[in-house]
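Notes to accompany the following structure.
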Amino acid sequence: MSDAQPGPRPPVEPRAALVTGAGRGIGRGLALGLAEAGYDVGLVGRRRDALDDVAARCSALGVRTAVATADLAVPDDARRAVGEIEGALGAVGLLVNNAGVIEEREVPFGDDDVDDVWRVIETNVRGPLLVTHAALPGMLGRGGGRVVNVNSGSGHQASPAYTGYGISKGALARFTTLLDRQYRDRGIRVLDLAPGVVVTDMTSAMPVHADRTQWTDIADVVALLLAFAEGRLDRLSGRFVRAGVDTPASLAEAADRIVGSDARALRLASFGVDDPLA
């Protein structure tokens, strides 16, 4: 993942995207942004009514839409949902693993309910694993595709609470690097996209954000997603970007430094050139 050679470039077409957790929040915003850019969109989530509402809005923009309800942590559900979207839209060129949850309480691990911590880890990690596993054969069969894992700085930074969320996002970051290493030469591109703090039902309910006055504009998240979908960020495959801080232009300008220093990736930091683990 650290070498600068991007490998074969995946085809940009087909312009069909599958977005999980698309019924509300960030997933809804990403789906609408893709539709506005002309992408056909497959919408996956738990609530049919919410998905149908997003689908209607996307269809009004002149693109094809498909909807599938599923619990994405259940293997049969995940496979069925991907199959339904592919059956309706054809080959999926872009997968957006957005669906995710967070703990019910903002407390340190010792005060938390381990079952709730595990619920978060299972949803946020097993879901993307299952959906990607189901979508990957189609991408490989047509010579490539792109996967976006909606991640968070919580996967890289220590937090006094939300243990399961931090664990899950760290695991998702490692999944991104592994997919890149294993499938780059077969045309797969993968990106960790952190949306920053967008106003959603989830973020608005978190005590840590109670006094927040600055939020990330969903348009900034969409801009990064589209830049990746269109191949403009392919050199950063396997790495981490954050909306509200990064822009397509700033990342293009910094790409040589990012790749040259193997930055923006989950790794064990060494204490110097004489570190035996370096």
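In terms of the UniProt record's numbering, the sequence shown is residues 1 to 278.
Ideal Cβ positions, reconstructed from N, Cα and C, are used throughout, including at glycine.
| Closest Cα partner of residue 84 within the set 179, 44, 105, 28 | Here residue 84 is taken as the residue at index 84 of the sequence shown, counted from 1. Selected option, being the one with the closest Cα: 44.
| request: Report yes if the CB atom of residue 241 is closer than 7 Å to the CB atom of residue 224, and no otherwise. | output: Here residue 241 corresponds to residue number 241 of the sequence shown, with the count starting at 1. Here residue 224 corresponds to residue number 224 of the sequence shown, with the count starting at 1. Yes; because the gap between Cβ atoms is below 7 Å, this pair is in contact.
| task | Taking the CB atoms as reference points, tell me whether residue 141 and residue 93 lie closer together than 7 Å. | result | For the purposes of this step, residue 141 is identified with residue 141 of the sequence shown, where counting begins at 1. For the purposes of this step, residue 93 is identified with residue 93 of the sequence shown, where counting begins at 1. Cβ atoms of residue 141 and residue 93: not closer than 7 Å.
| query | Hey, how far is the Cα of residue 247 from the Cα of residue 37? | reply | As a first step, residue 247 is located in the sequence shown; it is residue number 247 there, counting from the start. As a first step, residue 37 is located in the sequence shown; it is residue number 37 there, counting from the start. Answer to the nearest angstrom: the Cα atoms are 17 Å apart.
| request: List the endpoints of the continuous beta strand (DSSP E) containing residue 45. | output: What you label residue 45 is simply residue 45 of the sequence shown in a count that begins at 1. Note, residue 45: beta strand (DSSP E), 40-45.
| Three-state secondary structure assigned by DSSP to residue 63 | For the purposes of this step, residue 63 is taken as the residue at position 63 of the sequence shown. The answer is coil: DSSP assigns residue 63 none of H, G, I, E or B.
| query | Should residue 229 go down as buried or exposed, given a rule of 16 or more other Cβ atoms within 10 Å for buried? | reply | Position 229 of the sequence shown, counted from the start, is the residue given in the question as residue 229. Its Cβ being crowded by 16 or more others within 10 Å, residue 229 is buried.
| In three-state terms, what does DSSP make of residue 188? | Taking the sequence shown and counting its residues from 1, the one referred to as residue 188 is at position 188. The answer is strand: DSSP assigns residue 188 an E or B state.
| query | Going by other Cβ atoms of all chains shown within 10 Å of its Cβ, with 16 needed for buried, is residue 282 buried or exposed? | reply | Any answer about residue 282 is impossible in this case: the structure gives the chain only from 1 up to 278.
| Since residue 222 and residue 42 are thought to touch, with beta carbons under 8 Å apart, how far apart are those beta carbons, to the nearest angstrom? | For the purposes of this step, residue 222 is taken as the residue at position 222 of the sequence shown. For the purposes of this step, residue 42 is taken as the residue at position 42 of the sequence shown. Their Cβ separation, rounded to whole angstroms, is 17 Å, which puts residue 222 and residue 42 out of contact at 8 Å.
| message | Only counting the same chain, and skipping five residues up and downstream in sequence, which positions put a Cβ closer than 7 Å to that of residue 120? | response | Reading the sequence shown from its first residue, position 120 is the one you call residue 120. 101, 102, 103, 164, 165, 168.
| With distances taken between CB atoms, is the gap from residue 143 to residue 110 smaller than 7 Å? | Here residue 143 is taken as the residue at index 143 of the sequence shown, counted from 1. Here residue 110 is taken as the residue at index 110 of the sequence shown, counted from 1. The Cβ-Cβ distance between residue 143 and residue 110 does not fall below 7 Å.
| field | Continuous beta strand (DSSP E) stretch holding residue 145: start and end | value | Taking the sequence shown and counting its residues from 1, the one referred to as residue 145 is at position 145. It spans 145-150 - the beta strand (DSSP E) in which residue 145 sits, taken as one unbroken run.
| field | Local Cβ density within 10 Å of residue 269, reported as buried at 16 or more and exposed below that | value | What you label residue 269 is simply residue 269 of the sequence shown in a count that begins at 1. Exposed, since its Cβ has fewer than 16 Cβ neighbours within 10 Å.
| message | Using a Cβ-Cβ cutoff of less than 6 Å, which residues in the same chain neighbour residue 77 once the five nearest sequence positions on both sides are dropped? | response | One-based indexing of the sequence shown puts residue 77 at position 77. Excluding positions up to five away in sequence, the list reads 70, 71.
| What does a CB cutoff of less than 6 Å around residue 272 pick up in its chain, not counting 5 residues either side in sequence? | Position 272 of the sequence shown, counting from 1, holds the residue named residue 272. There are no such residues.
| task | Could you round the C-beta distance between residue 243 and residue 220 to whole angstroms and report it? I think they count as a contact, below 8 Å. | result | By 1-based counting over the sequence shown, the position of residue 243 is 243. By 1-based counting over the sequence shown, the position of residue 220 is 220. About 4 Å; that satisfies the 8 Å criterion.
| What are the boundary residues of the alpha helix (DSSP H) that residue 163 is part of? | Looking up residue 163 in the sequence shown gives position 163. It spans 163-183 - the alpha helix (DSSP H) in which residue 163 sits, taken as one unbroken run.
| Skipping 5 residues on each side, what residues in its chain have a beta carbon closer than 6 Å to that of residue 171? | The residue given as residue 171 occupies position 171 in the sequence shown. Excluding positions up to five away in sequence, the list reads 125.
| Terminal residues of the continuous beta strand (DSSP E) containing residue 96? | Sequence index remark: in the sequence shown, residue 96 carries index 96 (1-based). First-last of the beta strand (DSSP E) with residue 96: 94-97.
| message | Quick check: residue 81 and residue 67, are their CB atoms within less than 7 Å of each other? | response | Your numbering for residue 81 matches position 81 in the sequence shown. Your numbering for residue 67 matches position 67 in the sequence shown. No; because the gap between Cβ atoms is not below 7 Å, this pair is not in contact.
| query | Skipping 5 residues on each side, what residues in its chain have a beta carbon closer than 8 Å to that of residue 129? | reply | As a working note, residue 129 is residue 129 in the sequence shown. Cβ within range, chain order: 175.
| message | In the DSSP assignment, the beta strand (DSSP E) including residue 16 goes from what residue to what residue? | response | Translated into the one-based positions of the sequence shown, residue 16 becomes position 16. Its beta strand (DSSP E) spans residues 16-20.
| request: Return yes when the Cβ of residue 96 is within less than 7 Å of the Cβ of residue 148, no when it is not. | output: Within the sequence shown, residue 148 is the residue found at index 148, counting from 1. Within the sequence shown, residue 96 is the residue found at index 96, counting from 1. Yes, these two residues count as a Cβ contact at 7 Å.
| task | Take residue 65 and list the residues in its own chain whose beta-carbon comes closer than 6 Å to its own, dropping the five residues that flank it on each side. | result | By one-based count along the sequence shown, residue 65 stands at place 65. Here the set comprises 41, 55, 58, 59.
| field | Residues that DSSP places opposite residue 271 in a beta bridge | value | Translated into the one-based positions of the sequence shown, residue 271 becomes position 271. DSSP lists no partner for residue 271.
| Roughly how many angstroms separate the alpha carbons of residue 112 and residue 238, rounded to a whole number? | As a first step, residue 112 must be located in the sequence shown, where it is residue number 112. As a first step, residue 238 must be located in the sequence shown, where it is residue number 238. Cα to Cα, the separation comes out at about 32 Å.
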